[in-house]
Amino acid sequence: MAGINKVILVGNLGKDPEVRHLENNVAVATFSLATSESYKDKNGQRVEKTEWHNIVMWRGLADVAEKFLKKGQMVYIEGKIRNRSYQDKEGQTRYTTEIVADEMTMLGARPDGGQGGNTSNAGTQSTAAQNAAAPVGHTPPAYEEEPDDLPF
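Read in order, the letters of the sequence shown correspond to residues 1 to 152 in the UniProt record's numbering.
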């Protein structure tokens, strides 16, 4: 039986995406994403725990991240977890865990007052992404204005 490697995260960017262009002008964007949860400990004190995730986006998704994502912005990410090793400057082998994003939806309002949007390598928005982007019971207003030139 085949396994499943699927990650879904909703969190805030810890920094602006760093974008590099590799051979053949292939773009790769990396940034950190914070996810937080809170609970009450055995003494009744509220405790907040934040986990940091290393996100990697390739090609068109990296281009969108470069243009539209900023530190502090909330996003929905779908992808897969990947562990890899590399050599640091001193020649030591290091290990890292990354989330390779397949889909991304910007959540919350854009600076221009618009709604968040979706983009993916597949070019379609999943039902889970639609549910994450819209509050429960919210009916979006009818489309009445000219579409913008954003790629999603």
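Even glycine gets a Cβ: it sits at the ideal position worked out from N, Cα and C.
All values derive from a computational prediction rather than experimental measurement.
State the CB to CB distance for the pair residue 106 and residue 73, rounded to an integer number of angstroms; the pair is presumed to be in contact (CB under 8 angstroms).
Indexing the sequence shown from 1 puts residue 106 at position 106. Indexing the sequence shown from 1 puts residue 73 at position 73. That pair is a contact at about 7 angstroms.
Closer than 7 angstroms by C-beta to residue 5: which residues in its own chain qualify, once you throw out the five before and the five after it? Chain order, please.
Counting from one through the sequence shown, the residue named residue 5 turns up at place 5. Cβ neighbours of residue 5 beyond the five flanking positions: 80 and 81.
If distances are taken between C-alpha atoms only, which option among 30, 12 and 9 comes closest to residue 63?
On the sequence shown, position 63 is the one that residue 63 refers to. Out of 30, 12 and 9, 30 has the C-alpha closest to the C-alpha of residue 63.
Please classify residue 102: does DSSP put it in a helix, a strand, or coil?
Taking the first residue of the sequence shown as 1, we reach residue 102 at position 102. In this structure, residue 102 counts as strand in the three-state DSSP scheme.
Residue 48: which of 55, 78, 95 and 37 sits nearest, CA to CA?
Counting from one through the sequence shown, the residue named residue 48 turns up at place 48. Nearest of 55, 78, 95 and 37 to residue 48, Cα basis: 37.
Taking 8 angstroms as the limit between beta carbons, can you name the residues of its chain near residue 70, skipping five residues before and five after?
Position 70 of the sequence shown, counted from the start, is the residue given in the question as residue 70. The residues are 13 and 16.
What would DSSP say about residue 64, mapped onto helix, strand or coil?
By one-based count along the sequence shown, residue 64 stands at place 64. In this structure, residue 64 counts as helix in the three-state DSSP scheme.
Cut-off 6 angstroms between Cβ atoms - residues of its own chain near residue 157, not counting five sequence neighbours on either side
Outside the modelled stretch of the chain, which goes from 1 to 152, sits residue 157, for which no answer is possible.
Which residues in the same chain as residue 51 place their Cβ atom closer than 6 angstroms to its Cβ, once the five residues preceding and following it in sequence are excluded?
Taking the sequence shown and counting its residues from 1, the one referred to as residue 51 is at position 51. Closer than 6 angstroms at the Cβ level, and outside the excluded window around residue 51, lie 35.
Give every residue of the same chain whose Cβ lies closer than 6 angstroms to the Cβ of residue 58, excluding the five residues on either side of it in the sequence, and list them in chain order.
Here residue 58 refers to the residue found at position 58 of the sequence shown. Excluding positions up to five away in sequence, the list reads 28.
With 16 other CB atoms within 10 Å as the buried threshold, where does residue 21 fall?
As a position in the sequence shown, residue 21 is number 21, starting the count at 1. Flag for residue 21 reads exposed.
Residue 75 versus residue 7 - alpha carbon distance
Within the sequence shown, the letter at position 75 stands for residue 75. Within the sequence shown, the letter at position 7 stands for residue 7. C-alpha separation (whole angstroms): 14 angstroms.
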